[in-house]
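Notes for the one structure printed next.
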Amino acid sequence: MSAAKIDIDDYFGTTGDIQIAFAQSLNIQNRIRRWIVEEVQPHLGQWWQQGRTPDGMMAQMASLGIFETGGDPKAPGERWPWAYGLAMRELERADSGLRTRASVQCGLVMHAIARFGDDRQRATWLSPLLRGETVGGFALTEAGAGSNPKEMACWCQRKGEYWLLEGNKRWVTNADQADLLVVWAKERDTEEIRGFIVPTTYPGVTRQPISTHASMRLAAPWDVGLSAVRLPVTYCLAGAKGLQAPLACITQARYAVVWGTIGAALDCFHEAMDFTQRRISFGRSLAHSQMIQERLVDMQSHIVAMELRAVQLARLAGRDQLRYPQVALAKRDNARAALSVARIACEILAAKGFELDSRSFRHMANLESVDTYEGTYAVQTLIVGRDVTGLSAF
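This note's numbering puts the first residue of the sequence shown at 153, with every later residue one more than the last.
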């Protein structure tokens, strides 16, 4: 056995095959990492407190090639699962909210238009979204219909050459900067779920910040109101009929969470590791303590398991063999594991871990939301339970 230098970011060598076969994916990852270190990290604490990201952030992410990795489900080849996953990991290594903004733009909004839109809609909207010139939000969730979107109250009705939309959406990421929203509503006559491209400048569209939000503050999720919004029929996503359409987009978002949470966990691990080696207690560094080493190994164990799940999902996706219950299981376990890592890091950091300039505290607060959105831990459990038993417990 060789005495090679240990890479704690890739302790089991799970990404070794990526380095050989997908060099372009690694190039995107490295560009994102440099941008995060040079342009983003110095301001993260301030932005998180203020609950915002600067205007132009989406254009910067577009220039790095981030939106090219997860927007078009029809793109051939095996590269996209790795490129998308690595991009999401690097973004969430900075902040879950930053990753969420990107995954909503390409994994939800662009994905919905590419998969369910017609040729004209794709030609009109995808290019400006890809370049970050247009910002998109995904409006599915409602205050009274979070885990069961079939219960949504937002409704739509065909009126000749236009559709009428009425209702309210909540926790809409990117709504603060969005030029358009992909809105999901229930057809009043048939109760069939339909999808729409809704420009935010249209009369009847209102947006309101959720000022009490204590998590995912860089994502700045807002409330959206739709009051007698009249949309031309050409703004309806013709291929989006039924609940399976938005849920297909959510699977793409869950895949982003599987990879993104690895980045958050790694950042917490590095902050805790650095602290234990610098902090002197009872005449020696904390890293000499058996109790501390046990906690560090617990963190490493969680991260290795997270990486193994993500890499296997990428392999399955590259072979077009990925099933949504597999993504649900990985989202369930990776989000909860990352939250455990963040909590251990804050425990190690003690009082330092609960200051706002602590990266681990910010990650922990964000991950409380990540553990619940795109389907709670319980919802993912029921998805997998139905898959393995053939019986629905919803």
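The beta-carbon is built from N, C-alpha and C at its ideal position, and this holds for glycine as well.
Beta-carbon gap between residue i and residue j smaller than 8 Å
i	j	result
Cys401	Ala497	no
Gly542	Met368	no
Leu481	Val536	yes
Leu332	Arg382	no
Phe268	Ala469	no
Leu278	Met262	yes
Ala405	Leu260	yes
Ile500	Ala390	no
Val376	Tyr314	no
Asp247	Leu370	yes
Ala254	Met213	yes
Thr403	Tyr476	yes
Cβ neighbours of residue i in the same chain (closer than 6 Å, five flanking residues each side left out)
i	result
Ala417	Ile455, Ala490, Val493
Asp328	Ala372, Trp374
Val256	Phe290, Thr325, Asn326
Ile444	Thr428, Leu438
Arg431	Leu438
Met451	Phe421, Val493, Ile496
Val287	Met210, Asn326, Gln329, Ala330, Asp331
Val463	Thr166
Reference residue i; option with closest CA among the options
i	options	result
Glu507	Asp161, Gly197, Ala408, Gln193	Gly197
Glu318	Lys338, Phe290, Ser379	Ser379
Phe290	Thr364, Trp323, Leu278, Ala246	Trp323
Pro233	Met443, Ala482, Trp411	Trp411
Arg283	Leu333, Gly347, Gly217	Gly217
Cys306	Gln273, Glu285, Ile345, Ala330	Ile345
Tyr407	Asp450, Arg461, Ile349, Arg471	Arg461
Ala235	Arg241, Ala246, Thr221	Thr221
Arg245	Leu519, Asp539, Arg430	Leu519
Arg204	Val335, His365, Phe427, Ala390	His365
Leu178	Arg241, Glu285, Lys504	Arg241
Lys321	Ser521, Ala295, Lys311	Ala295
Glu526	Gly298, Ala502, Trp187	Gly298
Met209	Tyr163, Ala264, Ile265, Ala330	Ala330
With 16 other Cβ atoms within 10 Å as the buried cut-off, status of residue i
i	result
Glu433	For clarity, residue 433 is Ser in the given sequence; the question names Glu instead. That one is exposed.
Met153	Low local confidence applies: a pLDDT of 46 at Met153 is under 50, so the model's placement there is unreliable, with the coordinate-based value given in what follows. It is exposed - the Cβ of Met153 has fewer than 16 other Cβ atoms within 10 Å.
Pro228	Reliability of the predicted coordinates at Pro228 is poor, the pLDDT of 46 falling under 50, and the value obtained from them is presented with this limitation in mind. The residue in question, Pro228, is exposed, as its Cβ has fewer than 16 Cβ neighbours within 10 Å.
Ala275	exposed
Gly415	buried
Gln360	exposed
Arg436	exposed
Val192	buried
Ala155	Residue placement at Ala155 is flagged as unreliable, the pLDDT there being 47, under the threshold of 50; the coordinate-derived value follows with that caveat. It counts as exposed.
Ala239	buried
Val189	exposed
Ser521	buried
Ala211	exposed
Ser510	buried
Residue i versus residue j - alpha carbon distance
i	j	result
Gly237	Ala466	8 Å
Thr358	Asn182	38 Å
Met458	Ile180	21 Å
Gly165	Glu339	50 Å
Ile172	Gln309	Note that Ile172 scores 49 on pLDDT, short of 50, meaning its location in the model is unreliable; the coordinates nonetheless yield the value given after this. Ile172 and Gln309: Cα-Cα distance of roughly 52 Å.
Phe427	Phe219	35 Å
Val479	Asp539	12 Å
Trp199	Glu446	34 Å
Ala337	Leu399	13 Å
Ser441	Gln429	10 Å
Phe582	Gln201	One cannot answer for residue 582 here, as it falls past the ends of the chain, which runs 153 to 546.
Lys504	Thr252	27 Å
Asp312	Asp341	The question names Asp, yet the displayed sequence has Gly at residue 312. Computed Cα separation, rounded: 14 Å.
Thr352	Asp472	35 Å
Ala581	Thr413	Given a span of 153 to 546 for the chain in the structure shown, any question on residue 581 remains unanswerable.
Ile158	Ile362	44 Å
Ser215	Glu285	11 Å
Gln273	Thr293	23 Å
Ala264	Asp270	11 Å
Tyr163	Pro280	39 Å
Pro194	Ala266	35 Å
Residues near residue i by beta carbon distance below 7 Å, same chain, minus five either side
i	result
Gly546	Here residue 546 turns out to be Phe, not Gly, going by the sequence shown. Closer than 7 Å at the Cβ level, and outside the excluded window around Phe546, lie Leu534.
Gln532	Ala480, Leu481, Lys483, Arg484
Asp161	Leu418
Arg185	Glu242
Leu474	Leu465, Leu468
Neighbourhood of residue i by C-beta, 8 Å cutoff - its chain only, sequence neighbours within 5 removed
i	result
Met516	Cys420, Leu491, Ala494, Arg495, Ala497, Cys498
Tyr529	Arg484, Ala487, Arg488, Asp523
Val350	Ala291, Leu317, Leu332, Leu333, Val334, Val335, Val357, Leu378, Val381, Leu383, Tyr387
Leu395	Pro301, Lys302, Ile345
Asp207	Gln329
Trp187	Gln212, Leu216
Near the ligand GTP: residue i beta-carbon under 7 Å from a heavy atom
i	result
Ala416	Questions concerning the ligand GTP fall outside what the structure shown contains, since it holds no ligand whatsoever.
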